[in-house]
Amino acid sequence: MTGEGRSDGALERLKREGRIVVVGASLAGLRAAETMREKGFAGSLTMIGDEPYEPYDRPPLSKQVLLGNAVADHTALPRRRAIDADWRLGVPATGLDMSARRVRLGNGDEVEYDRLLIATGVRARPWPNAEEGALKGVFVLRTRDDGEGLQQALAAGPRRVLVIGAGFTGSEIASACRERGLDVTVAERGAAPLVGALGGVIGEVAAEMHREHGVDLRTGVMVTGLEGDPSGRVRAAHFSDGSTVEADVVVVGLGAQRNTEWLAGSGLGAGPRGIACDAGCRAFDIRGIVTDDIYVAGDVARSPHALFGYQFLSLEHWGNAVAQADTAAHNMLSESADRRPHLWVPAFWSSQFGVNIKSVGVPPMGTEILVTQGSLGERRFAAVYGYQGRVIAAVTFDNCRWLPFYEHQIETTAPFPPPFATVDRRPEGHKPLPADFPDPSVPTHGPTITLSGYSPADRKMTFTPGRP
Amino acid sequence: MRLVVDLNRCQGYAQCAFLAPDVFAMHGDESLLYNPEAAAEQRENVERAVAACPVGAILLELTDEDMAEMAAPDAVAGAGSGGAR
């Protein structure tokens with residue numbers, strides 16, 4: 000191996016007898032652990048997870064599980080190999096001592112590491128009023144337990160379900176409710192479902208889909224309060240337009256929060272937008288200096304991407320967790336010259352109302368949109384997003400076999416509007432429309448991609464250069 | 000028997016739904032739904048589905064014997080996965 004000749008053998012020693020700790024026992028943590036073993040890591044491996052379960056898959060929770068086609072506690076992820084780890088499940092990490100290289104756990108234990116991988120992901124954003132959020136019948140949907148609880152509540156046949164927030168999760172829940180024959184109201188603060196992720200043009204298509212399937216969709220409204228009955232069960236919700244909806248199940252689908260609080264005061268560059276890292280998954284400390292022993296992967300990581308102007312992207316995408324975990328694990332066990340960047344092209348899918356929605360690239364970066372194939376009306380189409388004269392993203396509704404083509408266009412910074420005359424025969428011709436994304440300074444339930452380091456809503460900072 | 004489908008890769012060819020209809024089902028024209036913990040007697044069908052998937056999107060859990068074999072130090076170098084990477 001290359002390590003022998005040019006280094007002091009530290010890497011070989013790490014591989015042989017080092018201690019690696021992975022905080023976060025979900026998709027990214029598991030896949031990283033498998034990759035480390037695959038690369039010959041023979042030292043001790045500790046997996047820390049706050050939930051009592053071994054790593055499980057989340058996408059089925061808002062689809063198969065709610066439809067009753069799969070059971071929430073049967074979503075454990077298959078293993079690609081045995082990882083021979085010391086599992087610390089049901090105990091959250093509560094602190095990090097970077098200089099002593101130690102992770103503190105909720106039960107008072109401390110675990111020492113030579114290399115640390117942080118993959119703590121995100122959690123569902125709770126209803127802002129804790130008392131209302133604690134009413135019986137009020138759910139969020141992120142964990143296995145959430146999925147199981149909501150499935151049971153739906154199986155009990157509620158008179159009406161209220162879904163707050165029409166992002167992907169909210170829309171999938173509404174779809175599952177309708178398929179089960181339940182009455183459902185969806186309340187969305189934006190102008191349409193999915194606007195945060197896909198913009199207003201596609202959001203309008205999603206809105207029609209909801210309504211055609213009998214969803215009582217209310218857009219441009221906020222839920223101002225939840226009301227319980229004397230037994231502490233949710234009974235109704237009050238809306239900002241003065242209306243009231245009676246519902247015995249309420250699902251709060253307001254996006255996610257990154258699990259970084261446990262790193263407060265540690266000196267790591269972690270905050271509400273995730274943990275900043277370089278393209279090789281090495282975490283930055285709060286001084287902007289890259290660490291060499293702490294790596295991040297998955298939903299909690301924010302890394303710069305060459306294709307998207309080196310903006311720091313944090314991606315709540317299944318495939319990103321898999322790919323970033325693989326890269327982080329590789330880099331943790333490599334000399335610097337052998338490390339590789341994580342340059343995954345963002346991609347996600349959703350399944351709702353029997354329609355397969357897929358996307359590649361970063362749609363919210365797009366300012367214009369052009370339907371290149373099919374038609375919005377038939378809900379079978381491909382559309383591309385343009386940004387400064389290039390293709391930056393694409394979305395398909397029931398047209399996913401074309402996505403690799405558009406992915407290639409994004410990777411090769413193809414011009415927008417695309418130069419090809421027609422990919423199929425379209426009467427509308429080539430007329431890009433404004434993509435119609437909401438003002439990013441207005442908080443929404445959260446797109447699946449967070450762009451750049453600063454939110455336009457953040458206060459400006461003052462730069463005061465130090466003088467000796 | 001655990002399995003997971005990489006639905007970024009899945010392009011709705013539905014080969015799995017033909018070969019193991021008790022585990023995989025199409026929902027609409029393109030969307031795939033599957034049971035992530037299939038019954039053991041479905042193993043042969045699921046293995047056929049794994050082999051038939053044109054985009055290699057199905058990852059099926061290794062058996063205990065597979066894993067024991069891979070855990071042997073000599074086997075590390077050649078270890079690979081049958082499904083998604």
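Just so you know, the protein sequences line up as chains L and R, in that order.
For the first sequence, counting from 1, position 189 maps to 188 in numbering that gives the first Met the number 0; every step adds exactly one.
For the second sequence, counting from 1, position 68 maps to 67 in numbering that gives the first Met the number 0; every step adds exactly one.
Note that beta-carbon positions come from the ideal geometry of N, C-alpha and C, so glycine has one too.
No experiment lies behind these values; they were computed from the predicted model shown.
8 Å Cβ cutoff, residue i in contact with chain L
{"i": "VAL3 (chain R)", "result": "yes"}
{"i": "GLU64 (chain R)", "result": "no"}
{"i": "PRO20 (chain R)", "result": "no"}
{"i": "PRO53 (chain R)", "result": "no"}
{"i": "GLN10 (chain R)", "result": "yes"}
{"i": "VAL75 (chain R)", "result": "Its pLDDT being 42, under 50, VAL75 (chain R) is placed unreliably by the model, and the measurement read from it follows with that caveat. Interface residue, yes."}
{"i": "ASN44 (chain R)", "result": "no"}
Proximity test, Cβ basis, 8 Å: residue i and chain R
{"i": "GLY376 (chain L)", "result": "no"}
{"i": "GLY353 (chain L)", "result": "yes"}
{"i": "ARG217 (chain L)", "result": "no"}
{"i": "SER313 (chain L)", "result": "no"}
{"i": "ASN68 (chain L)", "result": "yes"}
{"i": "HIS407 (chain L)", "result": "no"}
{"i": "SER333 (chain L)", "result": "no"}
{"i": "GLY360 (chain L)", "result": "no"}
{"i": "GLY318 (chain L)", "result": "yes"}
{"i": "ARG80 (chain L)", "result": "yes"}
{"i": "LYS14 (chain L)", "result": "no"}
{"i": "GLN63 (chain L)", "result": "yes"}
{"i": "HIS209 (chain L)", "result": "no"}
{"i": "SER350 (chain L)", "result": "yes"}
{"i": "HIS73 (chain L)", "result": "yes"}
{"i": "ALA346 (chain L)", "result": "yes"}
Per DSSP, the bridge partner or partners of residue i
{"i": "GLY224 (chain L)", "result": "L:HIS237"}
{"i": "PRO433 (chain L)", "result": "L:GLU367"}
{"i": "THR475 (chain L)", "result": "Past the edges of chain L, shown from 0 to 467, lies residue 475 (chain L), and the structure says nothing about it."}
{"i": "ASP96 (chain L)", "result": "L:ARG101"}
{"i": "SER333 (chain L)", "result": "According to DSSP, SER333 (chain L) bridges with nothing at all."}
{"i": "ILE47 (chain L)", "result": "L:VAL22 and L:ARG87"}
{"i": "PHE17 (chain R)", "result": "Looking at the DSSP assignment, PHE17 (chain R) forms no beta bridge with any residue, so it has no partner."}
{"i": "ILE163 (chain L)", "result": "L:ALA186 and L:VAL251"}
{"i": "MET25 (chain R)", "result": "R:LEU31"}
{"i": "HIS304 (chain L)", "result": "L:GLN310"}
{"i": "PHE347 (chain L)", "result": "L:SER358"}
{"i": "GLY273 (chain L)", "result": "L:GLY270"}
Buried or exposed (CB count within 10 angstroms, at least 16 for buried), residue i
{"i": "PHE419 (chain L)", "result": "exposed"}
{"i": "ILE288 (chain L)", "result": "exposed"}
{"i": "LYS357 (chain L)", "result": "buried"}
{"i": "HIS209 (chain L)", "result": "buried"}
{"i": "ASP438 (chain L)", "result": "exposed"}
{"i": "MET46 (chain L)", "result": "buried"}
{"i": "MET364 (chain L)", "result": "buried"}
{"i": "TYR309 (chain L)", "result": "exposed"}
{"i": "GLN10 (chain R)", "result": "buried"}
{"i": "CYS15 (chain R)", "result": "buried"}
Alpha-carbon spacing of residue i relative to residue j, whole angstroms
{"i": "MET97 (chain L)", "j": "THR34 (chain L)", "result": "24 Å"}
{"i": "ARG389 (chain L)", "j": "PRO403 (chain L)", "result": "17 Å"}
{"i": "GLY166 (chain L)", "j": "PRO433 (chain L)", "result": "20 Å"}
{"i": "ARG36 (chain L)", "j": "ARG12 (chain L)", "result": "15 Å"}
{"i": "THR24 (chain L)", "j": "GLY48 (chain L)", "result": "In the sequence on display, residue 24 (chain L) carries Ala and not Thr. Approximately 5 Å between the Cα atoms of the pair."}
{"i": "HIS26 (chain R)", "j": "ARG179 (chain L)", "result": "14 Å"}
{"i": "PRO414 (chain L)", "j": "GLY385 (chain L)", "result": "8 Å"}
{"i": "ARG79 (chain L)", "j": "ARG42 (chain R)", "result": "16 Å"}
{"i": "ALA123 (chain L)", "j": "LEU2 (chain R)", "result": "25 Å"}
{"i": "ALA236 (chain L)", "j": "ALA246 (chain L)", "result": "7 Å"}
{"i": "GLY169 (chain L)", "j": "GLY136 (chain L)", "result": "16 Å"}
{"i": "VAL90 (chain L)", "j": "GLY107 (chain L)", "result": "10 Å"}
{"i": "SER335 (chain L)", "j": "HIS329 (chain L)", "result": "11 Å"}
{"i": "PRO77 (chain L)", "j": "ALA324 (chain L)", "result": "16 Å"}
{"i": "GLU171 (chain L)", "j": "GLN63 (chain L)", "result": "10 Å"}
{"i": "SER349 (chain L)", "j": "GLY8 (chain L)", "result": "47 Å"}
{"i": "THR326 (chain L)", "j": "PHE238 (chain L)", "result": "46 Å"}
{"i": "ALA69 (chain L)", "j": "ASN34 (chain R)", "result": "5 Å"}
{"i": "ASP182 (chain L)", "j": "HIS212 (chain L)", "result": "11 Å"}
{"i": "THR218 (chain L)", "j": "THR243 (chain L)", "result": "14 Å"}
{"i": "TRP126 (chain L)", "j": "MET0 (chain R)", "result": "37 Å"}
{"i": "ASN258 (chain L)", "j": "LEU65 (chain L)", "result": "25 Å"}
{"i": "ARG159 (chain L)", "j": "GLN351 (chain L)", "result": "19 Å"}
Interface residues of chain L facing residue i [CB-CB closer than 7 Å]
{"i": "GLU29 (chain R)", "result": "ASN355, ASP397 and CYS399"}
Amino acids of chain R, ordered along the chain, whose beta-carbon sits closer than 9 Å to that of residue i
{"i": "LEU76 (chain L)", "result": "ARG1, VAL3, PRO35, LEU58 and GLU60"}
Amino acids of chain R, ordered along the chain, whose beta-carbon sits closer than 7 Å to that of residue i
{"i": "ASP85 (chain L)", "result": "Here the premise fails: no neighbours, minimum Cβ distance about 16 Å."}
{"i": "ASP56 (chain L)", "result": "VAL3 and PRO35"}
{"i": "ALA152 (chain L)", "result": "Within chain R, no residue comes near ALA152 (chain L); the closest Cβ sits about 21 Å away, beyond 7 Å."}
{"i": "PRO59 (chain L)", "result": "PRO35"}
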